[in-house]
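Top to bottom, those sequences are chains A and B. Just so you know, the first sequence maps onto residues 4 to 157 in our numbering. Just so you know, the second sequence maps onto residues -8 to 730 in our numbering. Built from N, CA and C at the ideal position, the CB exists for glycine as well. For clarity, every value in this text was computed on a predicted model and none was experimentally measured. So the structure is just underneath, and the comments pick up after that.
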Amino acid sequence: MVKFTINGKSHTFNGDEEMPLLWYLRDEAKLTGTKFGCGIAQCGACTVHVNGQAQRSCVLPMMAVEGEEITTIEGIGDENRLHAVQKAWIDEDVSQCGYCQTGQIMAVVSFLKDYPNPTDQDIDENHTNLCRCASYMRIRRAIHRAARYIRGEM
Amino acid sequence: MERMNRRRFLEISAAAGALILSTPNLGIAQDNTNDSFANLDTNLGLFLKINSDESIVIGYSVPEMGSGISTALPMIVAEELDVDFEKIKVDKLPPLLQKSDGRTPYKDAEYKQYSIFQETGGSNAIRLCYDMLRDAGAEARALILKAASDEFGVPVSELSTNRGYVIYDDQRLSYGSLAEKAASTKLDFEPRLKDPKDFKIIGTEQRQKATPEIVTGKQLYAMDIYMPGMLTAVIARCPYIDGIVKSYDDKEALKVPGVRHIIRINRIPEDRNAKKYVADGVAVIADNFWAAQKGREALKIEWDDSKFAHVDNAWIDRKFDEMLATGKTNIKIEHGDFDKAYEGADKKLEVTYDQPYWAHIIMENPCSVVSVEKNKVKAYAMSQVASKAMNELVKVLPGYNMEQIDITLMRMGTGFGRKDKVDSLLEAALCSKAVGKPVKVIWTREDDVEQDFFNPKGRHVLRGGLDKQGKIVAANYIHCTTNNDFATHAFPAHYIPNYRGENIYTTILPIGFWRAPTENVAGFALQSFVDEMAHLAGKDPLQFRIDMFNMSEGTPYPEQSMDHMVGKRFITVLEMAAKKAGWGKKLPKGHGMGVASFLTFGGYAATVVEVKVDNDGTLTIINTVATVDPGIVINRLGARAQIEGGTLDGFSAALGQEVNIEGGRVINTNLDSYEMARIASTPHNFTAEVTNNAYAPKGMGEMSLPPAIPALCNAIYDACGIRIRKLPIADQLSKAMRV
């Protein structure tokens, strides 16, 4: 049995512990904001936080989340209480199809903890999520904007 | 079409104090997932609803795959209605079909799309909806005005509207307060359309309406649908081109906890010589994705790979050699006498460009949910084309008719032409029918790439001759390819007095539409060729193009819903992009600038790229300017997003994308081996521009891609003298620099 929390709520899991967290989130917890993209940690559509750090949930087996605090996109903010990164995403009109954007946002929330004042180079070297619409120009702008929101400059 | 005819599709009704404009929804069950429909007559689809509490909902007919249509289409209605767009809610209309009158776009289709256009592809949604949506907005505004004229007791001519209010002198009435009365009003005058110079919404910048839902994870895609009692299927499909299942053993698979059923999925069509639509395979149907996936791994299947087991990319290249050697081409366009003019030309060039198969890598893998029940079918589909989804579905469900099918076209996690095909929908229907429960079919990324309908691999042989003044007098374009396609009218076809365009093709991998089909690779070949001809003539590549376009005002272009190509529109986008990029300025050592332009689905696009090529062959895109003239622009913010995405999509394809085939199957089926660009290869300077003119509106989704690739390649040549004649660029530069 695996015990852990998702967005502050306790969960227990009794099934196949090799199953990646992604499929627990989607098929069991019905938290569908976390997306399936490649299954091999290459695209980042499935990004969640484990104890506050971004991880790709499609390759994270359930046995590895024992005792961990999981945060999904549903846990970082909602429309009445947007996270700075979500707000920046709206303000910069980043989304096209939108499918990868929850994973992008989760990756960026974690990235900005390590790089509160990022340069373009920091972004290029650390942000590797795939956006098939190639909204990268706006993602880059939104990361800078979100950093300013978090620093209280805007 | 006559305006009155266009307006006939609208029906006016009232419910709970609201004015509702709706569309007859013949033969199709109602979408019941949608809150806005709660109070509607089941035979009507919502089009526009003005509630007494001032809230307004505008329905959009075209499925959204990321091109911004769910924001742009309602903007057109809102413009003529004259409301505050920020306050408008938008909602997807259910598919509206009617019995075919024999003039459907698909020859075997039983039902055609109703008069509201419902497909996304060919950058056609704005082009085909624009007039009708303006009429709808104007009709609703006229009804409101008529109701207000009764309230104020003055003629309509003394009233005006502004952002959801009817104004009379210093008084005003809100649309919401007039909604109920307007619903029972009969118009005694013809609604008037706005003069485009008075537009307040069309041509502005509006953010995508869905973004708040997207960034909070609330936006639902087909993958996110969970029906009660639903099972999940993962299918082992034959990985070999046109192969089938020879035999299979499911004993171990059935032992996997959670696996409920294992069924055969037969190839559609069954004739292996006909193009594949649904792959031959074995479906593992389980309680959830993971169990189904484990079950699939435990299957033992023997495949019949006999048809194409000898095929790899090198084999296809040799096949191209043989095909070209036969000289048996199809002449697609010819004027003047190419052979004679080429023979007598002052300078000549013969070049060959090669490009590989590209996969779509749709962000959201194919996935569909279908519940086949006793007297009805509920389906959640990812489909770019409403009528295709419906027509294909009834074909695999004998005994069910269109009236029994209730289909929801979900927002799509990209499409790029892949979701023109509804193969996963048919698989879900077959699984659900077999097991009597709702079934979701999920494709993995490996499934998606392996079983894709690819952009064709091709070889482009170009010959050109210059006269003594350095003008192209003869050109010949032979496109040897893996699909019967040819960019017949693509520039410079009509600008060269002696021209012949030909194709020759064979069929290997399954082929489908891929962003800017055919034009995407013709752009690379033709615009690289024009660049090479400019250099041969010793002329500036930008001026060389402008001089050609100056030859005529309107050039025949009888395809893609166009009559003419207008040279001055090309010159405008070229000059805008070149000016912004600083064309002609002195560049640092190792830098180079390239230009290209292309016409796709009626939109004129020009791209200028500046690159740096280091001594070790490292390529950096320093600056990009991409300019598109689609005619009237609806949403300038959304339009620029499409230019940015299309250009970077082109760069990504050019830099690293290539489908590798070995032993008759695709082998690089995931993102560790199929290379897609990330943020790190996105230029730090990028300007996306749209023009401002009054030409009839075209679309935005595809125009910027075809010129992006040759502009990049032409810039590389300018920087280091290496001409890219084979895609992807990959490590060609570092290899060439080492020599």
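So, is residue 502 of chain B buried or exposed, given that buried needs 16 or more other C-beta atoms within 10 angstroms?
buried
Give a yes or no on whether 8 Å exceeds the smallest Cβ distance from residue 205 of chain B to chain A.
Closer than 8 Å to some Cβ of chain A, the Cβ of residue 205 of chain B qualifies, so yes.
Ends of the beta strand (DSSP E) at residue 370 of chain B?
368 to 372
Do residue 128 of chain B and residue 71 of chain B have their C-beta atoms within less than 8 Å of each other?
yes
How would you label residue 39 of chain A, buried or exposed, when you count the other beta carbons within 10 angstroms and need 16 or more for buried?
By the 10 Å Cβ count, residue 39 of chain A comes out buried.
List, in chain order, every chain A residue whose beta-carbon is nearer than 7 Å to that of residue 675 of chain B.
Residues of chain A with a Cβ closer than 7 Å to the Cβ of residue 675 of chain B are, in chain order, 123.
Report yes if the C-beta distance between residue 703 of chain B and residue 523 of chain B is below 8 Å; otherwise report no.
no
Under the DSSP definition of a beta bridge, which residues are partnered with residue 681 of chain B?
B:619
Excluding the 5 residues flanking residue 591 of chain B on each side, which residues of the same chain have their C-beta closer than 6 Å to its C-beta?
The beta carbon of residue 591 of chain B sits closer than 6 Å to those of 507, 510, 693, 694, 697, all from its chain and outside the five residues before and after it, given in chain order.
Do you know whose CA, among B:146, B:343, B:247, lies nearest residue 468 of chain B's CA?
Closest by alpha carbon: B:343.
Let me confirm a value: residue 84 of chain A is counted as buried when at least 16 other C-beta atoms fall within 10 Å, else exposed. Which label applies?
Exposed: under 16 other Cβ atoms inside 10 Å.
Looking at C-alpha atoms only, which residue of B:549, B:66, B:348 is the closest neighbour of residue 649 of chain B?
B:348
Give every residue of the same chain whose Cβ lies closer than 6 Å to the Cβ of residue 230 of chain B, excluding the five residues on either side of it in the sequence, and list them in chain order.
441, 656
I want to verify the contact list: residues of chain A whose CB lies under 8 Å from the CB of residue 257 of chain B, in sequence order.
Neighbours of residue 257 of chain B on chain A: none; closest Cβ ~27 Å, over 8 Å.
Roughly how many whole angstroms lie between the Cα atoms of residue 22 of chain B and residue 57 of chain B?
Here the model assigns residue 22 of chain B a pLDDT of 40, short of 50, so the residue's position is not dependable, and the following value carries that caveat. So the two alpha carbons sit approximately 22 Å from each other.
So with CB distances below 8 Å, who are the chain A contacts of residue 663 of chain B?
43, 45
Tell me which residues share the same chain as residue 632 of chain B and place their Cβ nearer than 7 Å to its Cβ, disregarding the 5 neighbours each side in the sequence.
59
Is the Cβ of residue 281 of chain B closer than 8 Å to any Cβ of chain A?
With a threshold of 8 Å between beta carbons, residue 281 of chain B makes contact with chain A.
Count the other CB atoms within 10 Å of the CB of residue 203 of chain B; is the residue buried (16 or more) or exposed (fewer)?
buried
Using a beta-carbon distance below 8 Å, is residue 17 of chain A in contact with chain B?
no
Does the contact criterion of 3 or more C-beta pairs under 8 Å hold for the segment 361 to 376 of chain B versus the segment 467 to 485 of chain B?
These segments do not touch.
Straight-line CA distance for residue 428 of chain B to residue 194 of chain B?
48 Å
DSSP puts residue 358 of chain B in a beta bridge; with which residues?
Beta-bridge pairing links residue 358 of chain B to B:433.
Using a threshold of 8 Å, state whether the C-beta atoms of residue 44 of chain B and residue 167 of chain B are closer than that.
yes
Per DSSP, what kind of secondary structure is residue 50 of chain A in: helix, strand or coil?
Strand.
If you check the beta carbons only, do residue 670 of chain B and residue 98 of chain A fall under 8 Å apart?
The Cβ atoms of residue 670 of chain B and residue 98 of chain A do not sit closer than 8 Å to each other.
Residues of chain A with a CB under 7 Å from the CB of residue 670 of chain B: which are they?
126, 127, 130, 139, 142, 143
Name, please, each residue of chain D whose Cβ falls closer than 8 Å to the Cβ of residue 643 of chain B.
The chain inventory of the structure shown lacks chain D, comprising the protein chains A and B.
Evaluate residue 653 of chain B with the Cβ neighbour count: other Cβ atoms within 10 Å of its Cβ, from every protein chain shown; 16 or more gives buried, anything less gives exposed.
exposed
What distance in whole Å lies between the Cβ atoms of residue 272 of chain B and residue 259 of chain B, which are believed to be in contact at a cut-off of 8 Å?
Not confirmed; about 11 Å, so no contact.
Residue 539 of chain B: which of B:550, B:556, B:549 sits nearest, CA to CA?
B:556
Comparing the C-beta of residue 393 of chain B with each C-beta of chain A, is any distance below 8 Å?
no
Can you tell me whether residue 155 of chain A is helix, strand or coil according to DSSP?
Residue state for residue 155 of chain A is assigned as coil, using DSSP reduced to three classes.
Inspect the beta-carbon positions of residue 404 of chain B and residue 102 of chain A and report whether they are closer than 8 Å.
yes
In angstroms with no decimal places, state the Cα-to-Cα distance between residue 333 of chain B and residue 453 of chain B.
In this structure, the CA atom of residue 333 of chain B is about 12 Å from the CA atom of residue 453 of chain B.
Along the segment 85 to 114 of chain A, where does the CB come closer than 7 Å to a CB of chain B? Name the residues.
89, 92, 93, 96, 98, 99, 100, 101, 102, 103, 104, 105, 108
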